[in-house]
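Numbering-wise, the working numbering comes out as the position in the sequence shown, counting from 1, plus 12.
Written out below as structure tokens is the structure these notes cover.
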Amino acid sequence: YTGPHDRPLRKYPEVAMTSASQGGYVVTASSQNTGASREGFNLFDNSITTVWQAGSGDNHYSGTTPFAYDVTGPSSITDVDNTIHRGAYIKLQLPKRIRLSHVIQRDDSDPAERVPGVVAILGSNDGTNWTFLKEFTGLSATQSIQQLNVNSTGYYNHYAYLVKNLADGDLALMIGGLEYYGHEEGS
């Protein structure tokens, strides 16, 4: 085979994150609870014993079904089509652009009601202009591992994982881990 081709499927980040910036990867959270190992980078440390918990000022999820993020909440991302996506979010900047295949979400199962129910995935190449990639609904608090198949056709070096609704009405978002799987651009 000659010509450009994608690199093999890999897990990103390729390093276990122990801080918000490491090995060319940068993690930014809309908010975070900084106590008890609950910062945003913990989503990428390869362990669900440490978690990301949205900060108390960002817990604007309704206590009644569908447990949606309140329009008065402080966190949102507006995409290039001017659609506003509201919810607590985590952004991952990568050192190279990848075409995102899927995301594995690992939830902290105690308590299970703090997990996402509706998630939007967005991509960007500058961290400002975001392209909506896919929305996932019906995520379950009873499954501790869920695969979200994005199958993006574009390459991005920034990804946002935004939680629009919780699976249950605890009001406090908490996730154990995220793994991004994709292909680097070939040469």
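Note that CB positions come from ideal geometry on N, CA and C, so glycine has one too.
Chain-order list of residues whose beta-carbon lies under 6 Å from that of residue i (same chain, five-residue window excluded)
i: N45; result: Q65, G67
i: G71; result: Sequence check: residue 71 is Asn here, not Gly. Closer than 6 Å at the Cβ level, and outside the excluded window around N71, lie L183, A184.
i: E191; result: K23, I116
i: A41; result: G52, I102
i: L186; result: Sequence check: residue 186 is Met here, not Leu. V63, Q65, D120, R126.
i: D82; result: H72
i: Y13; result: Low local confidence applies: a pLDDT of 48 at Y13 is under 50, so the model's placement there is unreliable, with the coordinate-based value given in what follows. The answer is none, since no qualifying residue turns up.
DSSP beta-bridge partners of residue i
i: V38; result: S33, Q105
i: G194; result: R22, L112
i: G2; result: With the chain running from 13 to 199 in the structure shown, residue 2 is simply not present.
i: S88; result: R98
i: I187; result: W64
i: Y81; result: Y73
i: Y168; result: I110
i: L178; result: P128
i: R50; result: DSSP output for R50 lists no bridge partner at all.
i: N161; result: H114
Check whether residue i and residue j have beta carbons under 8 Å apart
i: N161; j: V130; result: no
i: G99; j: V175; result: yes
i: A80; j: S74; result: yes
i: G69; j: S49; result: no
i: P128; j: L151; result: yes
Same chain, Cβ closer than 8 Å to residue i, five either side skipped, listed in chain order
i: D91; result: H97, L134, W142, T143, F144
i: R19; result: H195, E196, E197, G198
Residues near residue i by beta carbon distance below 7 Å, same chain, minus five either side
i: N169; result: Q105, L106, K108, R109, N137
i: Q155; result: none
i: G85; result: D70, H72, R98
i: D54; result: The displayed chain sequence assigns Asn, not Asp, to residue 54. Counting only Cβ-Cβ distances below 7 Å, and skipping sequence neighbours, we find T62, V63, W64.
i: G188; result: I60, V63, R118, D119, D120
Distance cut-off 7 Å: residue i Cβ against heavy atoms of the ligand SAM
i: S42; result: As for the ligand SAM, it is missing from this structure, which has no ligand bound.
Mind listing, in chain order, the continuous beta strand (DSSP E) runs of no fewer than 3 residues lying wholly within the segment 123-152?
-> 128-136, 143-148
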